[in-house]
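Since the structure comes first, as structure tokens, the remarks are kept for the end.
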Amino acid sequence: MEEKNRNVTLTYNEGQDAIDLPVLDGTLGPNVVDIRSFAKTGMFTFDPGFLATASCESKITFIDGDLGQLYYRGYPIEELAEGADYLETCYLLIYGELPTSEQKKEFVYIVSHHTMVHEQLAAFFKGFRRDSHPMAMMVGVTGALSAFYQDSMDYTKENDRSVAAYRLISKMPTIAAMCYRYTNGLPFMYPRNDLSYSANFMHMMFATPCETYEPNPVLERALDRIMILHADHEQNASTSTVRLAGSSGANPFACVAAGIACLWGPAHGGANEAVLKMLDEIGDVSNVAAFMEGVKAKTHKLMGFGHRVYKNMDPRASIMRRTCYEVLDELGLQDDPQFKLAMALEKIALEDPYFIERKLYPNVDFYSGIVLSALGIPVSMFTAIFAMARTVGWVSHWNEMISDPHQKIGRPRQLYTGAQRRAFMPIDQRK
Ligand code: SDX
């Protein structure tokens, strides 16, 4: 960050006292007021939900919510979704630069040779009910990775951080596919190193030991693009969870498990699953008007719409919408009823003053569920796919934070509005 010796002066105590707070400039986006010295006023700042708070400095991802812009390490998401693949994007997010062909070859080799999990990890699944939600299993099994990699858990060392990053990025698809297979009583499929990252995931999900499986290249590319779109998104709730957990020195497997738990919520990564449930609940275009009345009466939300940062179209939603058309065309599902219903909902919402006034536009989750459905992925697995894709973002932010020499444990304060001091009362005196 650049300090240009510009301050904002805050007066308090009826103007008797004042404090100068430096303004810091970023490369792009809003400047920040550095309030680290604010506590000497004897007060705290108050910002539940962090609507106006920058929790850290970062060089990884930039979002402009008004312009609908999303850059990974400065590259627009539209250009990456078009020209890169997911592992190239992982390399970019972790190391800050797009890989040369040599660097990419080595990165792909390392990632594909870390995709197997310890054979004993498979035993964890036997403890889950067959109808467990995949995210419940993802949280548990990812956290359990901490029990298998004691050999590389000194994260003050760059090498240990790098090995942990490879392991998490490589093994998440294997674990996600194991969740799906276990739920359906299917044998686990071992990864195949000859397949791309996304094709390997499709293999582990849909192949059977009884015959060879060749993924459809159009569907493989669509899944890879979905992974790119979900790879990172600045300081969203789950990434902030990973940063806060990591700030105590917790190992990255436990931190990513915490991120998965946060992502599960329907206001965050669980929204793609909630969108499909909403479409099923609406059922037919003829029910849309009544459903929208309920949204305006605040009895329910229009899932897949709205965003804390985007007050314009989420650029990922536009790319996802195009991917929808590609996949449905490839599968001959142009008349997919859910897609048609989603298009009707989107059209109505984009023309309705209620949504326009509140700047509620489709977000990435509005279309992703329809594409995932068309790829044959069950609704219950949608957020697990989101977690698989977002792992590289979580790992990149964890690594950026841990390697910052000035990082401290995250420990916010509060506005206390509870009871004043009072004396203990023995139970026989309580009424
Ligand atoms: C993701 O942070 C990220 O970057 C997240 C993410 C990522 O990549 O990590 O982009 C992924 O989580 C996308 C968001 C997925 N969630 C949903 O689609 C769930 C539905 N959306 C909402 O829950 C909501 O829009 C949030 C949680 C996404 C954002 O909520 P905010 O910023 O706290 O806004 P708010 O709740 O204060 O809403 C402002 C107004 C309110 O109305 P009023 O009180 O002003 O009358 O808009 C209304 C809200 O009621 N509103 C909605 C709505 N979202 C907000 N009304 C109907 N339907 C909605 N979806």
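Count the sequence shown with my numbering and you get residues 1435 to 1865, in order. Even for Gly, the Cβ is constructed at its ideal location relative to N, Cα and C. Being a predicted model, the structure only gives us computed values, none of them experimental.
- Per DSSP, reduced to three states, the secondary structure at P1607 is helical.
- Taking the Cα of F1484 as reference, the smallest distance to any Cα among E1536, R1742, M1638 and I1861 is reached at R1742.
- With a threshold of 7 Å, the Cβ atom of V1729 counts as near the ligand SDX, since some heavy atom of the ligand is closer than that.
- Remark: the C-beta of R1626 is outside contact range of the ligand SDX, defined as less than 7 Å to any heavy atom.
- Straight-line measurement puts the Cα of P1621 at about 29 Å from the Cα of P1686.
- The continuous alpha helix (DSSP H) containing V1690 extends over residues P1686 to L1697.
- Not a single heavy atom of the ligand SDX lies less than 7 Å from the C-beta of N1746.
- Going by beta carbons, P1649 and M1636 fall inside the 8 Å limit.
- Note that the stretch 1708-1717 does not touch the stretch 1455-1468; fewer than 3 beta-carbon pairs, one per stretch, sit closer than 8 Å.
- By the criterion of a C-beta distance shorter than 6 Å, I1497 is surrounded in its chain by L1504, E1668 and V1743, once the five residues flanking it on both sides are discounted.
- Scanning A1599, C1758 and K1781 for the CA closest to the CA of R1655 turns up C1758.
- Of the residues assessed, P1651 falls on the exposed side of the cut-off, its CB having fewer than 16 other CB atoms within 10 angstroms.
- Of all alpha-carbon atoms in D1628, F1582 and M1571, the one lying nearest the alpha-carbon of R1615 is that of M1571.
- Taking 7 Å as the cut-off, the C-beta of H1667 counts as close to a heavy atom of the ligand SDX.
- Beta-bridge annotation (DSSP): I1453 is paired with L1444.
- Here the alpha carbon of A1808 sits roughly 27 Å from the alpha carbon of L1602.
- With a cutoff of 8 Å on beta-carbon distance, S1830 and S1674 are scored as not near each other.
- Taken in chain order, the unbroken stretches of beta strand (DSSP E) that lie wholly in the stretch 1500-1541 and span 3 residues or more are 1503-1506.
- In the structure shown, D1763 falls within a helical segment according to DSSP collapsed to helix, strand and coil.
- For Q1772, the closest of V1676, L1806 and G1574 by C-alpha to C-alpha distance is L1806.
- Remark: the shortest separation between the CB of K1735 and any heavy atom of the ligand SDX falls under 7 Å.
- A contact between stretches requires three or more CB pairs, one per stretch, nearer than 8 Å, and the stretch 1657-1672 meets this requirement with the stretch 1814-1831.
- The three-state reading of DSSP puts D1748 in coil, since its state is none of H, G, I, E or B.
- Annotation: the continuous alpha helix (DSSP H) that includes T1576 extends over P1568 to A1578.
- Our two residues, R1864 and A1692, have alpha carbons roughly 41 Å apart in a direct line.
- Look at I1811 here: in three-state DSSP terms it is coil, with no helix or strand label.
- By the criterion of a C-beta distance shorter than 7 Å, H1552 is surrounded in its chain by F1582, once the five residues flanking it on both sides are discounted.
- Annotated three-state conformation of F1562 is coil, per DSSP.
- For the stretch 1575-1653, there is no continuous beta strand (DSSP E) assignment of 3+ residues that stays within its boundaries.
- With fewer than 16 other Cβ atoms from the protein chains shown falling within 10 Å of its own Cβ, K1730 counts as exposed.
- Per DSSP, D1468 lies in no beta strand (DSSP E) segment and is marked neither H nor E.
- Between the beta-carbon of Y1795 and that of F1739 there is about 7 Å, and that keeps the pair under the 8 Å contact cut.
- For G1508, the distance from the CB to the nearest heavy atom of the ligand SDX is not below 7 Å.
- In this structure V1442 is exposed. Its beta-carbon is surrounded by fewer than 16 other beta-carbon atoms within 10 angstroms.
- Annotation for K1745: G1499, D1500 and K1793 place their beta carbon closer than 6 Å to its own, counting only its chain and skipping 5 residues before and after.
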